[in-house]
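Heads up: the structure comes next, in structure tokens.
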Amino acid sequence: MLKNLEELILLARQRKNNPVEGSYTNQLLNDKSLAKAKVLEEINELIEAIKENNNKIHESADVLYHLMMYFEANNIRIEEIMKELASRKK
């Protein structure tokens, strides 16, 4: 189930090391303010989709993609986030 998310993270890391000309992923990874703006935009679109009860899955996918790119652009490793979450188990 989480294989797609893992592949997305690996793609982002691969693109950081081997940029592809014209890649939207590379644009997000190289422009932190663009990545931030897109996260905020996509979260607002998700909130609206939930409110209107339409397009929720599409907008959720957009949020995850842009959030993962924002993390990678800012050197926030998902592995560290997962460790933090695991440490919060009670």
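The sequence shown runs 5 to 94 under the working numbering.
All residues carry an ideal CB built from backbone N, CA and C; glycine is no exception.
Grouping DSSP H, G and I as helix and E and B as strand, with all else coil, what is Asn-21? The sequence position of residue 21 within the sequence shown is 17, counting from 1. Here Asn-21 sits in helix by DSSP.
Are His-43 and His-70 close, meaning C-beta to C-beta below 8 Å? The residue given as residue 43 occupies position 39 in the sequence shown. The residue given as residue 70 occupies position 66 in the sequence shown. The sequence shown places Val at residue 43, not His. Yes, these two residues count as a Cβ contact at 8 Å.
Test item: CB-CB of Ala-53 and Asn-59 under 8 Å: In the sequence shown, counting from the first residue as 1, residue 53 sits at position 49. In the sequence shown, counting from the first residue as 1, residue 59 sits at position 55. Yes, Cβ-Cβ distance for Ala-53 and Asn-59 is below 8 Å.
Whole-angstrom Cβ separation of Asn-78 and Lys-20, contact assumed at under 8 Å? One-based indexing of the sequence shown puts residue 78 at position 74. One-based indexing of the sequence shown puts residue 20 at position 16. Between Asn-78 and Lys-20 a beta carbon distance of about 12 Å is seen, past the 8 Å cut, so the two are scored as non-contacting.
Considering only C-alpha positions, which residue in the set Ile-80, Thr-29, Arg-92, Leu-6 is nearest to Leu-15? Against the sequence shown, residue 15 aligns to sequence position 11. Ranking the options by Cα distance to Leu-15, first place goes to Thr-29.
Does DSSP put Leu-6 in a helix, in a strand, or in coil? Residue numbering aside, residue 6 sits at position 2 when the sequence shown is read from its first letter. Leu-6 falls in the coil class under three-state DSSP.
Cβ shell of Arg-81 (< 8 Å), same chain only, five flanking positions each side left out: In the sequence shown, residue 81 corresponds to position 77, counting from 1. Around Arg-81: Phe-75.
Once you ignore the five residues that flank Arg-67 on each side, which residues in its own chain have a CB closer than 7 Å to its CB? Here residue 67 corresponds to residue number 63 of the sequence shown, with the count starting at 1. Here residue 67 turns out to be Val, not Arg, going by the sequence shown. Glu-46, Ile-47, Leu-50, listed in sequence order.
Pick out the complete alpha helix (DSSP H) segments inside the region 56-88, 4 residues or longer, and give them in chain order. Residue ranges of uninterrupted alpha helix (DSSP H) with 4 or more members, entirely inside the region 56-88 and ordered along the chain, are 60-77.
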